[in-house]
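Following: one structure in structure tokens, then a few remarks.
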Amino acid sequence: MANRTLPRLLQTPAVILLLLWMIVPLSMTLYFSFIRYVLNNLRRPEWTKPSIDNWRGFGNYEFVLNNKDFILAIQNSLVIVGSILFLTVILGVLIAVLINKTFPGQGIVRVLLISPFFVMPAVNAVLWINMILDPVLGLQGIAVDGINTWISGLKDAPLVGWFFSLWPTLEPISFRATQTSAIAVIIMVTWQWTPFAVLIFMTSLQSEDQQQKEAAILDGANTWNQFRFLTLPHLGRPIAIVVMIQAIFHLSLYAEIEIVSRGNGNKNLPYLIGEFANNNIGAASATGIFAVILANIVAIFLLRMIGKTLME
Amino acid sequence: MGKIVLENVTKSFGDTQVIPPLNLTIEDGEFAVFVGPSGCGKSTLLRLIAGLEDCTSGDVLINGDVVTQVSPSKRGLAMVFQTYALYPHMTVRKNIAFPMRMSGMSEAEQEKKIQAAAESLNLTDYLDRKPGQLSGGQRQRVAIGRAIVRDPKAFLFDEPLSNLDAALRVGMRLEISEMHARMGTTMIYVTHDQVEAMTMADKIVVLQAGVIEQVGSPLDLYHKPQNEFVAGFIGSPKMNLIKTDEAAKHNAATIGIRPEHLTVSTTDGAWKGTVGVAEHLGSDTFIHVHDTGLADMITVRISGDIAVKHGDRIFLTPEADQIHKFDANGLRI
Ligand SMILES: Nc1ncnc2c1ncn2[C@@H]1O[C@H](COP(=O)(O)OP(=O)(O)OP(=O)(O)O)[C@@H](O)[C@H]1O
Ligand SMILES: [Mg+2]
Numbered sequence: 248m249a250n251r252t253l254p255r256l257l258q259t260p261a262v263i264l265l266l267l268w269m270i271v272p273l274s275m276t277l278y279f280s281f282i283r284y285v286l287n288n289l290r291r292p293e294w295t296k297p298s299i300d301n302w303r304g305f306g307n308y309e310f311v312l313n314n315k316d317f318i319l320a321i322q323n324s325l326v327i328v329g330s331i332l333f334l335t336v337i338l339g340v341l342i343a344v345l346i347n348k349t350f351p352g353q354g355i356v357r358v359l360l361i362s363p364f365f366v367m368p369a370v371n372a373v374l375w376i377n378m379i380l381d382p383v384l385g386l387q388g389i390a391v392d393g394i395n396t397w398i399s400g401l402k403d404a405p406l407v408g409w410f411f412s413l414w415p416t417l418e419p420i421s422f423r424a425t426q427t428s429a430i431a432v433i434i435m436v437t438w439q440w441t442p443f444a445v446l447i448f449m450t451s452l453q454s455e456d457q458q459q460k461e462a463a464i465l466d467g468a469n470t471w472n473q474f475r476f477l478t479l480p481h482l483g484r485p486i487a488i489v490v491m492i493q494a495i496f497h498l499s500l501y502a503e504i505e506i507v508s509r510g511n512g513n514k515n516l517p518y519l520i521g522e523f524a525n526n527n528i529g530a531a532s533a534t535g536i537f538a539v540i541l542a543n544i545v546a547i548f549l550l551r552m553i554g555k556t557l558m559e
Numbered sequence: 004m005g006k007i008v009l010e011n012v013t014k015s016f017g018d019t020q021v022i023p024p025l026n027l028t029i030e031d032g033e034f035a036v037f038v039g040p041s042g043c044g045k046s047t048l049l050r051l052i053a054g055l056e057d058c059t060s061g062d063v064l065i066n067g068d069v070v071t072q073v074s075p076s077k078r079g080l081a082m083v084f085q086t087y088a089l090y091p092h093m094t095v096r097k098n099i100a101f102p103m104r105m106s107g108m109s110e111a112e113q114e115k116k117i118q119a120a121a122e123s124l125n126l127t128d129y130l131d132r133k134p135g136q137l138s139g140g141q142r143q144r145v146a147i148g149r150a151i152v153r154d155p156k157a158f159l160f161d162e163p164l165s166n167l168d169a170a171l172r173v174g175m176r177l178e179i180s181e182m183h184a185r186m187g188t189t190m191i192y193v194t195h196d197q198v199e200a201m202t203m204a205d206k207i208v209v210l211q212a213g214v215i216e217q218v219g220s221p222l223d224l225y226h227k228p229q230n231e232f233v234a235g236f237i238g239s240p241k242m243n244l245i246k247t248d249e250a251a252k253h254n255a256a257t258i259g260i261r262p263e264h265l266t267v268s269t270t271d272g273a274w275k276g277t278v279g280v281a282e283h284l285g286s287d288t289f290i291h292v293h294d295t296g297l298a299d300m301i302t303v304r305i306s307g308d309i310a311v312k313h314g315d316r317i318f319l320t321p322e323a324d325q326i327h328k329f330d331a332n333g334l335r336i
């Protein structure tokens, strides 16, 4: 026992630092979530200072739960994170398997594939919403316009004209609208984070045992079965890592939502916290605690699911 | 049923030809062993037969059918790899079942075959473990089990025992030999190990740089090596090759004498030398003899023990009827 004391003593500063790092913000959030604390209130100036005298119990939580945006924000958070995870993992695995083969120009293709990851989130959002998804000025508008002109030109063509005259005129989609802004966020974040998944999966594919593949070939496994029974289980752990890291990052998406629609009909939890924090710190803190709980539920759920399906 | 014939098979990787035109017949039910120095193309040859590599030219025939363009799984051969190549995420049971699952066999029949294979390989207690929880020998047995359940026309082994320790190797060697005797299936076996080659083979194929130096039964190769390379390669310790005037006396460019065909005396004999290292194995003693004027070193193997030490004078006498003679091209006279 005695000879353990010194190492423990030497570890203490690091442990204490880590504890403070975690506990101080968490306990402050907890504290604020149980008191009335607003930044500006002319009638009740005493609420603008955090104090135990302003104790509100679960009042802030009730207030948040009754807010019409709260359930929507949770749903939205889950939909956005879930869709992004689903898409990035599938795209990531497909692309990684594809570029793992040797082909000419491999190096350049790999660098190009990774590059979206180095774009700043805000820049990414501005780029997508204005230059690509904009219904008039973006690539989408131009493409839809082009297709419409092309089809209306074909309507007068002999023989096939009747067929094209049945076609409706396409309408470009506005991705800033309430119903579609979440889709825009999902598209742009998927574009940005797929390279991350590709990078991790590719590294893992390089360490795949080639003799197992050959044994499987001799055992009569076709390409799909090799992928299903060897490659996919081999990727189980990296997939878990990608899912966990991305879940952490995407539960706190903010910039994209701000830029696409200013939260118009498309708030997630962090955005809701941001809105509350304009004045009502108590409510913002209560929402923050809900976010922590949600993040933990998501993490446990994801780990279970991945463990079951992939690691057999 | 598996007679395997190679007809003028060649293999090149890029510009380098690893296997020049090669012809070989392995009869049905035969145990053929490929031996040769590292990098001589043993594995490549095995992979050509399995279909894991494409022949650059020439044909592979199995039971008279040309299979050169047939995919590996359709050739009906099973291969056991040096690194076992088990599927790490599956239990032993699933590993063994994998080829049957791929061929769409019914669950009941799969189970029957798994049980039979597990029983014959002593794996019954380990069926629900993952490969990572098995010892090397057990892993190799699983790999063999996975091969057996396919009822292949022939088994291909690429140095299957070289990752095992010496004692285990002896045991597995016997098991594979017994398996061959019981099933009578054609087996092709690549090894570095002299003892494995000599004890297991019906037919040894000695390769050097992709060229077959000699094909024959183990004792054929031991008693009548067709050239210097085979003479030096088969047998342990290696045959002593002597190129000096002593060879001319026998009207040969080179003469060879195996260490076990030399008699030793401390008083008189045909050749004189000094004792270098003496390796006492208990049952045998290997003596390295220097300064004979015949070769850098002559190795002698004698039964039992002899009281000689480093630097002692020693006399050697070859058994006259055991001298191998080779001409200037290294071919047997
Ligand atoms: N994929 C490849 N590309 C290029 N050269 C190769 C390839 N595979 C094997 N070779 C070459 O072919 C030759 C024969 O290789 P092979 O693996 O058949 O040797 P081996 O007899 O099995 O050797 P060992 O006893 O060390 O296993 C070697 O010179 C090797 O460098
Ligand atoms: Mg080899």
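Quick note, the sequences are listed as chains A and B, same order.
Going by my numbering, the letters in the first sequence line up with residues 248 to 559, in that order.
Going by my numbering, the letters in the second sequence line up with residues 4 to 336, in that order.
All C-beta atoms in this analysis are idealised placements derived from N, C-alpha and C, irrespective of residue type, glycine included.
Residue burial classification, residue i (beta-carbon count within 10 angstroms, cutoff 16)
| i | result |
| --- | --- |
| V383(A) | exposed |
| P260(A) | exposed |
| E162(B) | buried |
| R509(A) | exposed |
| F236(B) | buried |
| E231(B) | buried |
| L498(A) | buried |
| R144(B) | buried |
| H291(B) | buried |
| F537(A) | buried |
| G535(A) | buried |
| R444(A) | The residue asked about is misnamed: residue 444(A) is Ala in this sequence, not Arg. Buried: at least 16 other Cβ atoms inside 10 Å. |
| K45(B) | buried |
Beta carbon proximity, residue i to chain B, threshold 8 Å
| i | result |
| --- | --- |
| I263(A) | no |
| A468(A) | yes |
| N323(A) | no |
| L477(A) | yes |
| P368(A) | no |
| Q458(A) | yes |
Chain-ordered chain A contacts of residue i [CB-CB under 8 Å]
| i | result |
| --- | --- |
| A3(B) | Residue 3(B) is absent from the structure shown; chain B starts at 4 and stops at 336. |
| L55(B) | E461, I464, L465 |
For residue i, the first and last residue of its enclosing beta strand (DSSP E)
| i | result |
| --- | --- |
| I245(B) | 243-245 |
| K6(B) | No beta strand (DSSP E) holds K6(B); DSSP gives it neither H nor E. |
| R484(A) | Here R484(A) belongs to no beta strand (DSSP E); instead the alpha helix (DSSP H) covers 483-498. |
| Y192(B) | 189-193 |
| I215(B) | 214-219 |
| N26(B) | 19-29 |
| E110(B) | From DSSP, E110(B) is part of no beta strand (DSSP E) but of the alpha helix (DSSP H) over 110-123. |
Chain A contact residues for residue i, given Cβ-Cβ distances below 7 Å
| i | result |
| --- | --- |
| S109(B) | Those do not exist, as S109(B) stays about 16 Å from chain A at its closest Cβ, beyond 7 Å. |
| P75(B) | I464, L465 |
Distance CB(residue i)-CB(residue j) smaller than 8 Å
| i | j | result |
| --- | --- | --- |
| F318(B) | D271(B) | yes |
| V391(A) | P415(A) | no |
| G53(B) | L477(A) | Before going on, a small fix: residue 53(B) reads as Ala here, not Gly. Not closer than 8 Å, so no. |
| F331(A) | L360(A) | The sequence shown places Ile at residue 331(A), not Phe. Not a contact, by the Cβ cut-off of 8 Å. |
| W440(A) | T276(A) | no |
| T47(B) | C58(B) | no |
| P228(B) | R304(B) | no |
| G276(B) | T295(B) | yes |
| M491(A) | L446(A) | no |
| E455(A) | A88(B) | no |
| K206(B) | N66(B) | no |
Min CB distance residue i to chain A below 8 Å
| i | result |
| --- | --- |
| S338(B) | Residue coverage of chain B in this structure runs from 4 to 336, which leaves residue 338(B) outside it and unanswerable. |
| T86(B) | yes |
Chain-ordered neighbours of residue i on chain B, where CB pairs are closer than 7 Å
| i | result |
| --- | --- |
| P480(A) | H92 |
Where residue i meets chain B, residues with beta-carbon distance less than 9 Å
| i | result |
| --- | --- |
| E455(A) | Chain B residues near E455(A): none, gap ~11 Å exceeds 9 Å. |
Bounding residues of the alpha helix (DSSP H) (the contiguous stretch that carries residue i)
| i | result |
| --- | --- |
| A35(B) | Per DSSP, A35(B) belongs to no alpha helix (DSSP H); it is in the beta strand (DSSP E), 34-38. |
| P517(A) | 516-523 |
| T339(B) | In the structure as shown, chain B begins at 4 and stops at 336. Residue 339(B) is therefore absent and cannot be evaluated. |
| M300(B) | Run containing M300(B): none; DSSP gives neither H nor E here. |
Chain D contact for residue i (CB, 8 Å cutoff)
| i | result |
| --- | --- |
| Q473(A) | In summary, chain D is missing from the structure at hand, where the protein chains are A and B. |
Where residue i meets chain A, residues with beta-carbon distance less than 9 Å
| i | result |
| --- | --- |
| M82(B) | E461, A462, L465 |
Using only Cβ atoms and a threshold of 5 Å, which residues come within that distance of a heavy atom of ligand 4? Order them by chain position.
Ligand 4 is not part of this structure, which contains only ligand 1 and ligand 2.
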